[in-house]
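Please read the structure below before turning to the comments.
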């Protein structure tokens, strides 16, 4: 079965690392308003935020990937999750780039070391991790 | 009581919570001398409530693992399960409000066994507070002990 190729990737920075996420998984990008902490939440959770008439859980991306807590970021990337939408913090958005310009290398799912990283790519000489949020 | 329900807002370690006023038996402020450490039982403390030795859950310990210093005046919310009272030790009562804000479902992605007591998120003006179900604050061993008492 052929996987549907996404045409564009959102390139962004979070905690001094660069990431890419398929555009069709991104609902929106906004300034991050104040986050309300939630007791006893999963370690990578920053809390909840009120955004466009709904409550979104917000996660620290680096904590989600490897447990490091390296900054939160002032931007909110709203991700379309499979079960519910959620936000991840970002410091900077580099742009939305067509895949042809990004030298993408996808890792077969059985060879992935991290379930949230489906490969990597290169953007203007900078390497980035291609995220996969099938959650 | 009227049909329109009210919520009591209270704080614990900087978190703002809400509980249905109808779920409260009493809101009590007691001196630390009236509370005793509960040796060999599942609860942190006990105190005398209407002549009964009533268990107390330290919400600060539940929320962030840090116990409330048992000195001076202590704020307790007395609730019940199956007509068996127990108390929640909190930091401060903030206010009582009519249910005028919007209630949101608690996100599944933030749900853990340890925060199962949060029923929903209630937004009042610009404050987000977590509505709790008093019964689900208790851990399984505490609930079993309360029911056996």
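Residue numbers (the numbering used here), protein chains in the order written: chain E, 40 to 174; chain R, -19 to 129.
All residues carry an ideal CB built from backbone N, CA and C; glycine is no exception.
Whole beta strand (DSSP E) elements within the region 5 to 69 of chain R, 3-residue minimum: 6 to 11, 15 to 17, 25 to 29, 32 to 38, 53 to 61
Proximity winner among E:146, E:98, E:64, E:61, relative to residue 77 of chain E (alpha-carbon distances): E:98
Residue 121 of chain E beta carbon less than 7 Å from that of residue 173 of chain E: yes
Candidates E:138, E:64, E:54, E:139: closest to residue 171 of chain E by CA position: E:64
Chain E contact for residue 49 of chain R (CB, 7 Å cutoff): Cβ-Cβ to chain E under 7 Å: no for residue 49 of chain R.
Residue 148 of chain E - DSSP class collapsed to helix/strand/coil: helix
Residue -17 of chain R versus residue 2 of chain R - alpha carbon distance: Per-residue confidence for residue -17 of chain R stands at a pLDDT of 46, beneath the threshold of 50, marking its modelled position as unreliable; the derived number appears in the next sentence. Computed Cα separation, rounded: 11 Å.
Beta-carbon spacing of residue 56 of chain R, residue 40 of chain R below 7 Å: no
Residue 66 of chain E, enclosing beta strand (DSSP E) - first and last residue: 65 to 70
Supposed close pair residue 118 of chain R, residue 17 of chain R - CB separation, criterion 8 Å: Contact between residue 118 of chain R and residue 17 of chain R is ruled out by a C-beta separation of about 18 Å, above the 8 Å threshold.
Classification of residue -19 of chain R by the beta-carbon crowding that lies within 10 angstroms, buried from 16 upward: Only weak support is given to the placement of residue -19 of chain R: the predicted model assigns it a pLDDT of 44, under 50, and the value that follows is read from those uncertain coordinates. Flag for residue -19 of chain R reads exposed.
Opposing strand residues paired with residue 4 of chain E [DSSP bridges]: Residue 4 of chain E is absent from the structure shown; chain E starts at 40 and stops at 174.
Chain E within 7 Å of residue 94 of chain R, Cβ atoms only: yes
Pair within 7 Å by beta-carbon distance, residue 84 of chain E and residue 90 of chain R: yes
Below-7 Å beta-carbon distance, residue 125 of chain E vs any chain R residue: yes
Any chain E beta carbon closer than 7 Å to residue 43 of chain R: yes
Three-state class that DSSP yields for residue 159 of chain E in the structure shown: Reduced to three states, the DSSP call for residue 159 of chain E is strand.
Rounded straight-line distance, which links the Cα of residue 96 of chain R to that of residue 120 of chain R: 12 Å
Within chain R, the residues that residue 76 of chain E reaches when beta carbons sit closer than 8 Å: -6, -5
The region 41 to 50 of chain R / the region 154 to 168 of chain E touching (three or more Cβ pairs under 8 Å): no
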